[in-house]
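Asks:
Number of protein chains: 2
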Amino acid sequence: MDLPAALQPLEFLLGTWRGTGEGSYPTIPDFAFTQEITFVCYGKPVLAYTSRTWASDDGRPLAHESGYWRPAGDGTLEVMLAHPTGVVEVFYGEVTGQRVEIATDAVVRTRTAKEVTAEHRLYGLVGAELMYVEELAAVGEALQPHVSARLQRVQE
Amino acid sequence: MDLPAALQPLEFLLGTWRGTGEGSYPTIPDFAFTQEITFVCYGKPVLAYTSRTWASDDGRPLAHESGYWRPAGDGTLEVMLAHPTGVVEVFYGEVTGQRVEIATDAVVRTRTAKEVTAEHRLYGLVGAELMYVEELAAVGEALQPHVSARLQRVQE
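These protein sequence lines map, in sequence, to chains A and B.
Okay, so the first sequence: first residue is 1 according to this note's numbering, each after it adds one.
Okay, so the second sequence: first residue is 1001 according to this note's numbering, each after it adds one.
#1: Hey, how far is the Cα of glycine 86 (chain A) from the Cα of lysine 114 (chain A)?
#2: From the DSSP secondary-structure annotation, give me the bridge partner or partners of phenylalanine 1031 (chain B).
#3: DSSP state of glutamate 11 (chain A), grouped into three classes?
#4: Do phenylalanine 12 (chain A) and glutamine 98 (chain A) come within 7 angstroms of each other at the CB atom, strictly closer than that value?
#5: Taking a Cβ distance cut-off of 7 angstroms, strictly less, list which residues of the segment 1106-1124 of chain B are near chain A, in chain order.
#6: Could you say if the segment 1043-1050 of chain B and the segment 1025-1035 of chain B meet the contact criterion of at least three C-beta pairs nearer than 8 angstroms?
#7: Take leucine 81 (chain A) as the anchor and find which of A:Val147, A:Thr96 and A:Glu65 has the nearest alpha-carbon.
#8: Mind pulling the chain B residues with CB within less than 8 angstroms of proline 71 (chain A)?
#9: For glutamine 144 (chain A), write down the residues that DSSP places opposite it in a beta bridge.
#10: Which stretch, first to last residue, makes up the beta strand (DSSP E) that contains serine 66 (chain A)?
#11: Does any C-beta atom of chain B lie closer than 7 angstroms to the C-beta of glutamate 134 (chain A)?
#12: Can you tell me whether glycine 1075 (chain B) is buried or exposed? The criterion is at least 16 other CB atoms within 10 Å of its CB, across all chains shown.
#13: Bridge partners for glycine 1124 (chain B) per DSSP, in chain order?
#14: Have a look at leucine 125 (chain A) and arginine 150 (chain A) and give me their C-alpha separation to the nearest angstrom.
#15: Please state if the CB of valine 1108 (chain B) and the CB of phenylalanine 1091 (chain B) are separated by a distance shorter than 7 angstroms.
#16: If we ignore side chains and look at the alpha-carbon of each, how far apart do leucine 10 (chain A) and leucine 1136 (chain B) end up?
#17: When burial is assigned at 16 or more other CB atoms within 10 Å of the CB, is threonine 1110 (chain B) buried or exposed?
#18: Return the residue from the list B:Tyr1042, B:Thr1117, B:Ala1006 and B:Pro1145 that minimises the CA-CA distance to alanine 1138 (chain B).
#19: Looking at chain B, is there any beta carbon in it that lies within less than 7 angstroms of the beta carbon of glycine 75 (chain A)?
#20: Below 6 angstroms CB to CB, which residues in the same chain sit around aspartate 105 (chain A) once its five sequence neighbours on both sides are set aside?
#21: Return the CA-CA distance between aspartate 1030 (chain B) and alanine 1063 (chain B), expressed in angstroms with no decimal places.
#22: In whole angstroms, what is the alpha-carbon distance linking isoleucine 102 (chain A) and tryptophan 1069 (chain B)?
#23: Say whether chain A places a C-beta atom closer than 7 angstroms to the C-beta of leucine 1151 (chain B).
#24: Whose CA, out of A:Gly67, A:Ala72, A:Phe39 and A:Thr34, lies closest to the CA of glycine 59 (chain A)?
#25: I want to verify the contact list: residues of chain A whose CB lies under 8 angstroms from the CB of histidine 1083 (chain B), in sequence order.
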C-alpha cells in the first residue's frame, strides 16, 4: 500500500516501537516502565496509534492509550486520544523534520476520572530511536515533566 | 488471566467480532460495510476497544475508532472514544444483562472535524451474535439511526 501523501511527514513514526522509560510526579513515587507503541496506516491519511506500558518491577499493566494522529498537510497535526482512566484529549501540534510537538487543546474527563488539565508532548527520532517526553498538569499541579522513554523499532 | 470482577458484566463482549452492517444518513448515500470489533482485557478493570469498517462494494477502509469501556461496578459504565475524523467522545451508559446502552455526554471536535453533536448506541448479544444500532446527530440533523450491524465472534 502506498502511503497517502499527507502522511509522509509522519512516515518516520510508522511501525511498532518497544523500549523503556521513567516517570515521576509530585503526588506519586517514581516509576520505571516498559512501553510498546504502534503507529499504523490503515489506508486513510491518518495514523492509528496505541501505547501500552508495564511496570519494570513486576510487569503489571500500567498505562494504555489509543487514538489517531491526523496531519493537516501544512506541517500541523491534530491528535485525538482516549484513555482508560476516563479522559479524552484533543491535541494540536507541529511536525518539524523528524520531531513532533503536541499540546492539549481540550481535555474532557468523566465523573470518575482524576483531574487532568493539560498535557504537552515532544516526540523525536534520534538516530534510530524514538524518544519522547511528556509534561502533565493534573490534580492541582502545574504542567511539568511526567514521563519519558526511549524506544527501538521492532517491526516496520 | 482471571477477569477482574468489575468486568464480569461485560464478559459477553470479549473477543474479536466480524460481520456486516448498513448505514444511512440524510446527507449521504446509503452504504453497506464489513466490520471488525475487538474487546480486550489487558489486566485492568476496563475493556480496550477498537472497531474498523470497510465498504462492502470495493473494500476501501471506512470508519475506525478506538477507546475504552469502563464499568463503574453499579451497572453503569463510561466509554471513552477517539475517532480519526477529529472527534473524541465520552459516553455514559448502562449494562442490563447482555445489553449495553450508551449516550454521549461530551463530544469534542477539532477545527477540521465535521459537526458531530451527539451519539446514542445500543449493543446486545442476540443468540450468539453481537448486534448494535447507532444513532447520530451531526451536520445540523437531529439524532437518528445511522448505522447498524450484526457480528459473529471469530476469536475468544
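Note that CB positions come from ideal geometry on N, CA and C, so glycine has one too.
Replies: To lay it out plainly:
#1: 8 angstroms
#2: B:Gly1023
#3: helix
#4: yes
#5: Ala1106, Val1108, Thr1110 and Thr1112
#6: no
#7: A:Glu65
#8: Near proline 71 (chain A) there are no residues of chain B at all, since even the closest Cβ is about 11 angstroms away, more than 8 angstroms.
#9: A:Leu136.
#10: 61-71
#11: no
#12: The residue in question, glycine 1075 (chain B), is exposed, as its Cβ has fewer than 16 Cβ neighbours within 10 Å.
#13: B:Arg1099 and B:Met1131
#14: 10 angstroms
#15: no
#16: Near 32 angstroms, if we compare the C-alpha coordinates of leucine 1136 (chain B) and leucine 10 (chain A).
#17: Within a 10 Å sphere around the beta-carbon of threonine 1110 (chain B) sit 16 or more other beta-carbons, which makes this residue buried.
#18: The candidate whose alpha carbon is nearest that of alanine 1138 (chain B) is B:Thr1117.
#19: no
#20: Here the set comprises Val90 and Tyr92.
#21: 15 angstroms
#22: 26 angstroms
#23: no
#24: A:Thr34
#25: Tyr68 and Met80
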